[in-house]
Amino acid sequence: MNDACIYLDHAATTPVDPRVLDAMLPFFSERYGNPSSVYDLGRDARAGLDWARETLAHLLNCQSSEIIMTSGATEANNAAIKGVAWGRRLQGEQPGGHIVISAIEHPSVLQAAGSLDLHGFEMTHVLPDKDGIVAPDAVAAALRPDTCLISVMLASNEIGTIQPLQDIARVARERGIAMHTDAVQAAGALPLDVDLLGVDLLTLSAHKFYGPKGVGALYARQGVPLAWQQHGGGQENTRRGGTENVALIVGMATALALAYHELEERVAHTRTLRDRLIDELLERVPDARLNGHAERRLPNNVNLTFGGVDGEPLLLSLDMLGIAASSGSACSTGSMEPSHVLRAIGLDDGMARGSLRLTVGKDNTRDEIDRAIESIASVIARIRALTAAGYA
Ligand code: PMP
478 MNDACIYLDH
488 AATTPVDPRV
498 LDAMLPFFSE
508 RYGNPSSVYD
518 LGRDARAGLD
528 WARETLAHLL
538 NCQSSEIIMT
548 SGATEANNAA
558 IKGVAWGRRL
568 QGEQPGGHIV
578 ISAIEHPSVL
588 QAAGSLDLHG
598 FEMTHVLPDK
608 DGIVAPDAVA
618 AALRPDTCLI
628 SVMLASNEIG
638 TIQPLQDIAR
648 VARERGIAMH
658 TDAVQAAGAL
668 PLDVDLLGVD
678 LLTLSAHKFY
688 GPKGVGALYA
698 RQGVPLAWQQ
708 HGGGQENTRR
718 GGTENVALIV
728 GMATALALAY
738 HELEERVAHT
748 RTLRDRLIDE
758 LLERVPDARL
768 NGHAERRLPN
778 NVNLTFGGVD
788 GEPLLLSLDM
798 LGIAASSGSA
808 CSTGSMEPSH
818 VLRAIGLDDG
828 MARGSLRLTV
838 GKDNTRDEID
848 RAIESIASVI
858 ARIRALTAAG
868 YA
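Last residue of the sequence shown: number 869 in the working numbering, and the count goes up by one each step with no gaps.
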């Protein structure tokens with residue numbers, strides 16, 4: 478690995494904060510008990526798990542019984558969407574139903590919802606406007622008498638757009654429809670009070686806020702009928718079987734507590750660096766445009782399209798210069814399919830393929846940002862010169 482790497486891909490993942498690692502380590506060694514065991518060692522692990530659950534509940538402003546630990550956001554999104562869909566049957570409803578999701582969701586939401594197709598559910602995908610905002614009116618217009626779930630992410634992993642979630646949730650509440658949000662990218666950038674947001678279900682993933690990979694949580698409001706997806710040994714109050722990964726769960730709670738504690742300074746720092754990247758690149762690189770709303774966006778997200786420049790050679794050239802960035806979503810990098818999010822906001826395939834996502838983090842420095850700006854501007858000029866000369 479390149480030690481001098483300038484890491485600008487914090488939407489893909491973040492490094493584990495050393496304070497988070499310290500909090501986790503005892504649960505890999507001396508506090509290794511199974512939290513379901515009745516003896517002292519088990520009770521000690523249970524204490525760590527209980528602490529983590531209470532900490533998360535406090536930060537989200539909910540009951541600790543409303544938190545279900547998962548293996549990450551993918552599982553939490555699947556549990557929420559399939560859980561509500563199957564939950565209808567638990568209430569004696571007819572099979573099938575209707576689900577409304579935004580067209581710019583993460584694949585774990587899109588695919589989980591899509592899988593219900595086989596079981597007689599119908600989907601409406603609500604398109605955002607050209608800035609990536611999903612209008613509450615558009616959500617309201619998509620509803621049907623049999624709509625059982627609305628799922629709209631709080632902030633986009635690709636273009637960073639922050640949705641008017643409170644207004645969308647109000648629409649859901651007025652109609653008695655369950656409201657889910659994938660808050661993965663918003664965690665650590667925005668406070669996540671589930672009552673203020675008005676949501677019934679909310680998804681988190683620890684590795685996006687300086688916690689470990691492979692652990693996440695689903696908030697599920699008490700009373701929302703959910704059919705649990707993972708059956709097993711009765712853990713998580715029978716809602717998700719499998720021995721809890723106590724170390725990772727403690728890491729997740731520690732990371733979110735730190736994110737809240739340091740929210741203001743992290744937001745101020747990343748916003749300054751983000752604005753510098755946007756302003757300088759738009760000024761220095763001809764034919765560049767910003768994707769996503771200019772103000773209603775995550776404080777760390779930059780998503781730019783450079784006319785006539787393909788994302789793949791751009792990323793490879795930046796990689797050679799030690800800059801880690803992304804084009805489209807990291808989860809689909811490699812497929813080179815143009816991003817569904819960029820297409821949904823009206824970019825054609827060529828423009829969508831030419832996008833560059835830079836997501837800054839709490840530990841990036843101004844010097845790194847300045848070096849990245851230099852490199853990006855010169856790499857684009859070189860790619861364009863080669864293209865013009867017929868070499869690319
Ligand atoms: N939702 C969003 C918005 C994401 O950005 C991601 C990660 N790219 C996920 C869900 C899935 O998270 P995980 O890989 O931790 O399951």
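Beta carbons: idealized from backbone N, C-alpha and C, even for Gly.
Computed from a prediction, not measured in an experiment: that's the story for all the values here.
Problem set entry | Residues of its chain near CYS808, where Cβ-Cβ distance is below 7 Å and the 5 sequence neighbours each way are ignored | With a pLDDT of only 49 at CYS808, under 50, the local geometry of the prediction cannot be trusted, and the value read off the model is given with reservation. Closer than 7 Å at the Cβ level, and outside the excluded window around CYS808, lie PRO584.
For this session: With HIS575 as the anchor, note down where its alpha helix (DSSP H) starts and where it stops.
Result: Premise fails: HIS575 lies in the beta strand (DSSP E), 574 to 579, not in any alpha helix (DSSP H).
Exercise. How about LEU678: is its Cβ closer than 7 Å to a heavy atom in ligand 2?
Worked result: Of the ligands one can find in the structure shown, namely ligand 1, none is ligand 2.
Exercise. Considering only C-alpha positions, which residue in the set ASN555, ALA730, ASP527 and ALA556 is nearest to SER542?
Worked result: ASP527
Exercise. What are the residues that DSSP puts in a beta bridge with MET546?
Worked result: ALA694
Exercise. Is SER682 near ligand 1, with its Cβ less than 7 Å from a heavy atom?
Worked result: yes
For this session: Report back the beta-carbon spacing between VAL661 and ALA550 to the nearest angstrom; my notes put them in contact at under 8 Å.
Result: 5 Å
For this session: Would you kindly report the start and end of the unbroken beta strand (DSSP E) that includes CYS602?
Result: The question names Cys, yet the displayed sequence has His at residue 602. Element bounds for HIS602: 598 to 603.
Exercise. With DSSP run on the structure shown, which of helix, strand or coil describes MET630?
Worked result: coil
For this session: Mind the definition here: the region 790 to 801 touches the region 480 to 497 only if three or more C-beta pairs lie below 8 Å; say whether that holds.
Result: yes
For this session: Kindly indicate which residue of ASP494, GLY691 and SER633 has the alpha-carbon position closest to the one of LEU735.
Result: ASP494
For this session: Quick one: grab the DSSP three-state call for GLN643.
Result: helix
Problem set entry | Three or more C-beta pairs below 8 Å linking the region 710 to 724 and the region 508 to 528 | yes
Exercise. In or out: ALA849 buried (at least 16 other Cβ within 10 Å) or exposed?
Worked result: buried
Exercise. So the alpha helix (DSSP H) LEU795 belongs to, where does it begin and stop?
Worked result: 788 to 797
Exercise. Does the region 817 to 836 come close enough to the region 647 to 655 to have 3 or more Cβ pairs within less than 8 Å?
Worked result: no
Problem set entry | Secondary structure of SER806, DSSP reduced to three states | Any reading at SER806 must be qualified, since the residue scores a pLDDT of 47, below 50, and its modelled position is unreliable; no value is offered.
Problem set entry | Sequence-distant residues of its chain with Cβ nearer than 6 Å to ILE639 (five each side left out) | ALA632 and ARG773
Problem set entry | Contact under 8 Å by Cβ, LEU537 with LEU679 | yes
Exercise. Which residue comes first and which comes last in the beta strand (DSSP E) that contains ARG717?
Worked result: Segment: none, ARG717 is in no beta strand (DSSP E) and carries neither H nor E.
Exercise. Touching or not, the region 651 to 669 and the region 820 to 830, by the rule of three or more beta carbon pairs under 8 Å?
Worked result: no
Exercise. In terms of DSSP beta bridges, what is TYR484 paired with?
Worked result: ALA801
Problem set entry | Residue closest to GLU531, alpha-carbon to alpha-carbon, out of THR491, ILE544 and GLY769 | ILE544
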